[in-house]
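See below for the structure under consideration.
Protein chains: 2
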Amino acid sequence: MKSVPKPPAVSLKKSTTRAAGDVTRERMLDTAEECFATHGFHGTSMRDIASGASTPIALVSYHFKSKDNLFDRVIERRASYMATRRMNALQEARTAAGDKPIALQTLIESYVWPFVERSTRGGPGWKNYSQLVARLANSPAWTPVISKHYDDVARAYIAEFRRSMNGAADASIYHAFSFMVGTMVGTVAEPGRVDSLSQGSHTTSDLEVVFRLMIPFLEAGFNMIRKDARAKRDLA
Amino acid sequence: MKSVPKPPAVSLKKSTTRAAGDVTRERMLDTAEECFATHGFHGTSMRDIASGASTPIALVSYHFKSKDNLFDRVIERRASYMATRRMNALQEARTAAGDKPIALQTLIESYVWPFVERSTRGGPGWKNYSQLVARLANSPAWTPVISKHYDDVARAYIAEFRRSMNGAADASIYHAFSFMVGTMVGTVAEPGRVDSLSQGSHTTSDLEVVFRLMIPFLEAGFNMIRKDARAKRDLA
DNA sequence: GTCTATATGGAGATAGAC
DNA sequence: GTCTATCTCCATATAGAC
Chain A
37 MKSVPKPPAV
47 SLKKSTTRAA
57 GDVTRERMLD
67 TAEECFATHG
77 FHGTSMRDIA
87 SGASTPIALV
97 SYHFKSKDNL
107 FDRVIERRAS
117 YMATRRMNAL
127 QEARTAAGDK
137 PIALQTLIES
147 YVWPFVERST
157 RGGPGWKNYS
167 QLVARLANSP
177 AWTPVISKHY
187 DDVARAYIAE
197 FRRSMNGAAD
207 ASIYHAFSFM
217 VGTMVGTVAE
227 PGRVDSLSQG
237 SHTTSDLEVV
247 FRLMIPFLEA
257 GFNMIRKDAR
267 AKRDLA
Chain B
37 MKSVPKPPAV
47 SLKKSTTRAA
57 GDVTRERMLD
67 TAEECFATHG
77 FHGTSMRDIA
87 SGASTPIALV
97 SYHFKSKDNL
107 FDRVIERRAS
117 YMATRRMNAL
127 QEARTAAGDK
137 PIALQTLIES
147 YVWPFVERST
157 RGGPGWKNYS
167 QLVARLANSP
177 AWTPVISKHY
187 DDVARAYIAE
197 FRRSMNGAAD
207 ASIYHAFSFM
217 VGTMVGTVAE
227 PGRVDSLSQG
237 SHTTSDLEVV
247 FRLMIPFLEA
257 GFNMIRKDAR
267 AKRDLA
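Sequences listed follow chains A and B, in order. All residue numbers for the first sequence refer to our numbering, where the first residue is 37 and numbers rise by one. All residue numbers for the second sequence refer to our numbering, where the first residue is 37 and numbers rise by one.
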């Protein structure tokens, strides 16, 4: 498992210790992440972020220039970690499968698990981030920023799904992938409606339990589409 | 099929014809619906709505009092139609099934189809409305307003799913229902990422095609959860 | 890097004439 | 019911002292 190299212990900049501004920046990013996840881009003001990070408002502009840019940085900050996790999982699955196509269950788990895992075990920052990304996923206004950071990995997975789907139509594969994403983000964007529908007797908050239900659910769906494709081919 | 009674041909108010304000109100609701769907609640200003409806801003406040109230009215306007469509479909399925549980495919179609049908065939107003509701579904800040208008019907369906799921755990049924909703709203909230992922060669915009793929996908998922429940019971 | 003060514009809501 | 004019507050962004 290829790991990202650690940054050098001593900064290359003038100071030998981490600049004070860096920890301030991170605090602002954390606060912005939380506000954007809870109230959305337009529902969050620069003042909200500044006061949440206990810093004067001018300092937010100083570090991030504009609100749009700050939003981009929030999304960007954890995106490459997610991409690496998913690509590593995909590579492991390829190696284990040898020449054969990867099992659908493995493929689905490899894509969904890193996102679910960070959401449950990554601490409050990751929790906010995953919910923010989940909510962005259904908002066309933000499709460009999501695409920028998530499409490359998604395309790698779709290529692998194509191998595993036994000649299913290309459109079916894209749609099935989209169903998977919809199911995943609907779960991670908790608290969802399970809580209100069941009047509190059930909840999506234990994501690992939901994950163990989601995988066979999705696998059965993909399998059905694959079998339908085979049936159609056998008729021809 | 129980139908909503028509309003009397002659208004009970002073005027014998429909008040001019009513058509203005509808125009404002249409514009608000579109703006909220595209830019969200906080991304839409009362001025946007007024100028889109070609009316002075004060008139929007006059008719709807506050922006929050206007938003509620937008959601409310088409919610009861959706509820009726879904409950009628459920009732027909019950009648057709007699004493037996309703087939999972029928149950899923009855819930998903009215939403998809209105989105594709209901004209631009319904298109905007369904996309707005779809995007709200993953936003906890708006869960109360969605719950107010959609939970009763959802609970009726869940009760019926319980009968058809062969003794699956209650939690599994709620989660499967939530997976279905996630898949549905991810599809209706187009343009989704299928377009960008496939670089334009595929699209979710023909919702009826996607619907015909979605139903077997979801049915297979529900079936898998049902079978798992039976397997566990047989072991005991 | 940090902070106070402020420039400039847009927000929601309302008063009051017609 | 409609519209002009306006009140009050909050938004993003920046200038310039320390």
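Virtual Cβ for every residue (Gly too), placed ideally from N, Cα, C. All figures in this text were calculated on a predicted structure; none of them were measured in a lab.
Chain-ordered chain B contacts of residue i [CB-CB under 9 Å]
i                 : result
Ile194 of chain A : Leu233 and Ser234
Asp206 of chain A : Ser234, Ser237 and His238
Gly203 of chain A : Near Gly203 of chain A there are no residues of chain B at all, since even the closest Cβ is about 16 Å away, more than 9 Å.
Ser214 of chain A : Thr219, Gly222, Thr223, Gly228, Arg229, Val230, Leu233, Thr240 and Val246
His211 of chain A : Thr223, Val230, His238, Thr240, Val245, Val246, Leu249, Met250 and Phe253
Within chain B, the residues that residue i reaches when beta carbons sit closer than 8 Å
i                 : result
Gly88 of chain A  : Going along chain B, no residue has its Cβ under 8 Å from Gly88 of chain A, so there is no contact; the nearest lies around 17 Å.
Ser175 of chain A : Gly76, Arg171 and Ala225
Buried or exposed by the 16-neighbour rule on C-beta atoms within 10 Å, applied to residue i
i                 : result
Tyr98 of chain A  : exposed
Lys50 of chain B  : Reliability fails at Lys50 of chain B, whose pLDDT of 41 lies under 50, so the model's placement of it is uncertain and no value is given.
Pro180 of chain B : exposed
Ala212 of chain A : buried
Asp66 of chain A  : buried
Gln167 of chain B : buried
Asn105 of chain B : exposed
Pro170 of chain A : In the sequence on display, residue 170 of chain A carries Ala and not Pro. Buried, since its Cβ has 16 or more Cβ neighbours within 10 Å.
Ser102 of chain A : exposed
Ala89 of chain A  : buried
Pro43 of chain A  : A caution first: Pro43 of chain A carries a pLDDT of 47, below 50, which makes its placement in the model too unreliable to give a value.
Glu69 of chain A  : buried
Val59 of chain B  : exposed
Glu62 of chain B  : exposed
Pro41 of chain A  : Note on Pro41 of chain A: pLDDT 49, under 50, position unreliable in the model; the coordinate value appears next. Burial call: exposed.
Asp122 of chain B : It is Arg, not Asp, that sits at residue 122 of chain B in the sequence shown. Arg122 of chain B comes out buried.
Ala55 of chain A  : exposed
Contact belief for residue i with residue j at Cβ below 8 Å, rounded distance in angstroms
i                 : j                 : result
Met260 of chain B : Phe253 of chain A : 6 Å
Asn174 of chain A : Asn174 of chain B : 6 Å
Leu126 of chain B : Phe197 of chain B : Incorrect: roughly 11 Å between the Cβ atoms, too far for contact.
Gly203 of chain B : Arg269 of chain B : 6 Å
Ala265 of chain A : Ala195 of chain A : Not a contact, Cβ separation roughly 17 Å.
Gly222 of chain B : Ser183 of chain A : So it is not a contact: roughly 15 Å between Cβ atoms.
Trp178 of chain A : Arg114 of chain A : In fact, because the Cβ distance is near 16 Å, the residues do not count as touching under 8 Å.
Ser232 of chain A : Asp187 of chain B : 6 Å
Met64 of chain A  : Ile93 of chain A  : With a Cβ gap of about 11 Å, Met64 of chain A and Ile93 of chain A do not count as contacting.
Chain-ordered chain A contacts of residue i [CB-CB under 9 Å]
i                 : result
Phe107 of chain B : Those do not exist, as Phe107 of chain B stays about 13 Å from chain A at its closest Cβ, beyond 9 Å.
His99 of chain B  : Residues of chain A passing the Cβ test: none, with the nearest at roughly 24 Å.
Short Cβ contact (8 Å threshold) for residue i with residue j
i                 : j                 : result
Ser155 of chain B : Val245 of chain B : no
Phe72 of chain A  : Val110 of chain A : yes
Glu145 of chain B : Ile251 of chain B : yes
Phe247 of chain B : Val96 of chain B  : no
Pro227 of chain B : Pro176 of chain A : yes
Ser208 of chain A : Leu249 of chain B : yes
Ala256 of chain B : Gly257 of chain A : yes
Val189 of chain A : Ala119 of chain A : yes
Ser234 of chain B : Tyr210 of chain A : yes
Pro137 of chain B : Ser200 of chain B : yes
Gly158 of chain B : His78 of chain A  : no
Glu128 of chain B : His185 of chain B : no
Interface partners of residue i on chain B, CB under 7 Å
i                 : result
Val169 of chain A : Per Cβ cutoff of 7 Å: no residues; Val169 of chain A is ~11 Å from chain B at best.
His78 of chain A  : Gly76, His78 and Gly79
Gly257 of chain A : Phe253, Leu254, Ala256 and Gly257
Arg191 of chain A : Leu233
Beta-carbon neighbours of residue i, restricted to chain A and to distances below 7 Å
i                 : result
Val181 of chain B : Within 7 Å Cβ-Cβ: nothing; Val181 of chain B doesn't reach chain A, min ~11 Å.
Met260 of chain B : Pro252, Phe253 and Ala256
Asp264 of chain B : Pro252
Partner residues on chain A for residue i, Cβ-Cβ distance less than 8 Å
i                 : result
Asp187 of chain B : Arg229, Ser232 and Leu233
Just to confirm the assignment: which complete alpha helix (DSSP H) runs, minimum length 4, are found wholly within the region 199-236 of chain B? Those alpha helix (DSSP H) runs which fall completely within the region 199-236 of chain B and span 4+ residues are 206-224 and 229-233.
Which whole runs of the alpha helix (DSSP H) in the region 148-193 of chain A are 4 residues long or more, in chain order? Note on the region 148-193 of chain A: whole alpha helix (DSSP H) runs with a minimum of 4 residues are 159-172, in chain order.
Where in the region 117-147 of chain B do unbroken runs of the beta strand (DSSP E), each at least 3 residues long, occur, reported from the N-terminal end onward? none
To test your reading of the DSSP string, which unbroken alpha helix (DSSP H) runs of 4 or more residues are found completely within the region 74-120 of chain A? 82-88 and 93-100
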